[in-house]
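First comes the structure, then the notes that go with it.
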Amino acid sequence: MNRNKKKIVIALIGVILATASIIIPFIYFFLSNDAKIPQIVFIPKYLKSFPNHTAWLLAEVHSVETDFTDNCSIIIEPNESIYIDYKVWDNQDDSKVLELFVKPNSTHLNHIIEIKLELIDNKINLEGFATIEVINWGSKNITEVQVMRDAFISYLSSNRSSFGINKSLIWEGFDNAPQILIVEHYLFRSEYWELALSRHVMIAPHDWVRVYIRPRNQITPIWSGIIESWSSGNHNITELEPELSIYR
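Under the working numbering, the first residue of the sequence shown carries the number 72, and numbering increases by one thereafter.
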């Protein structure tokens with residue numbers, strides 16, 4: 072390679088390095104800020120339900136600079152008539168949380184319910200979509216697991232008093248989504264909390280009971296615990312790492 076070719080190669084390498092030094096920071100910026108792009112994310116996007124069941128969905132709204140609880144129109148459009156209630160949590164960070172409570176009845180059996188959530192104001196126009204499949208299923212006896220729930224509430228009252236969870240709270244309970252019978256799942260909600268209880272329907276020492284709790288203005292649990300065997304009579308609770316996401 073003669074001297075001129077070497078100069079050309081060196082010059083090209085310099086151009087490439089200079090270009091990369093400019094482009095790479097921009098790529099990093101956009102990747103690191105991807106979660107902040109205005110969008111609606113349903114959790115979960117797909118859920119099975121059944122007649123008279125309450126399907127509890129979360130929708131997280133990223134990077135909404137306006138207080139949409141006051142200034143933004145919230146439009147919920149199912150593809151057919153169905154009961155839907157919702158709650159908006161206006162947080163102080165760059166995300167907001169909506170909870171949707173969808174309750175199919177017998178007329179929705181074997182139907183696919185498509186839900187469109189739209190937020191509109193003079194700055195934003197966001198859309199999100201979720202699907203609920205209504206199958207032939209039945210509810211379980213929630214009252215029999217309330218004593219299990221209360222064991223965790225008592226523990227939290229004594230050991231995690233900063234949560235403000237105690238026996239004075241009023242809880243509404245309902246089934247989680249249809250599931251296999253070996254592990255049953257239940258949901259309870261108070262004014263500010265979700266408590267999810269799962270139990271392994273087995274004989275001791277394999278009949279564990281597990282709970283997580285989630286502040287309703289957040290999308291992820293903040294505490295989790297387990298009783299290793301309910302029927303053994305030893306109801307000591309071991310704290311666990313909280314789940315990374317809710318279960319539905």
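Ideal Cβ placement from N, Cα and C applies to all residues, glycine included.
In this structure the segment 115-134 lies against the segment 151-171, because at least three pairs of beta carbons, one per stretch, are closer than 8 angstroms. When only Cα atoms are considered, F172 and N142 end up about 22 angstroms apart. For D246, the uninterrupted beta strand (DSSP E) run begins and ends at E243 to D246, by DSSP.
Short of 6 angstroms from the beta carbon of D156, and not among the five residues preceding or following it, lie these beta carbons of its own chain, in chain order: F172.
Annotated three-state conformation of E314 is coil, per DSSP.
For Q110, DSSP records a beta bridge to H133. Distance from A222 to R319 at the Cβ level is roughly 24 angstroms; contact not present, criterion being Cβ atoms closer than 8 angstroms. Taking 8 angstroms as the cut-off, the Cβ atoms of S261 and L240 count as close. DSSP lists H271 as the beta-bridge partner residues of V254. Collapsing the DSSP output to three states places I308 in coil.
DSSP places Y263 in the coil class of the three-state scheme, outside both helix and strand.
Where I224 is concerned, the enclosing alpha helix (DSSP H) starts and stops at T214 to N230. The Cβ-Cβ distance between R285 and M219 does not fall below 8 angstroms.
Per DSSP, the beta bridge partners of K158 are E170. The continuous beta strand (DSSP E) containing W294 extends over residues W294 to I298. Closest in C-alpha terms to H179, from the list K211, I224 and K119, comes K119. Counting the other Cβ atoms within 10 Å of the Cβ of A275 gives fewer than 16, which makes it exposed. For N142, the secondary structure class from DSSP, reduced to helix, strand or coil, is helix.
Looking at I290, S295, R287 and G304, the one whose alpha-carbon comes closest to that of H277 is G304.
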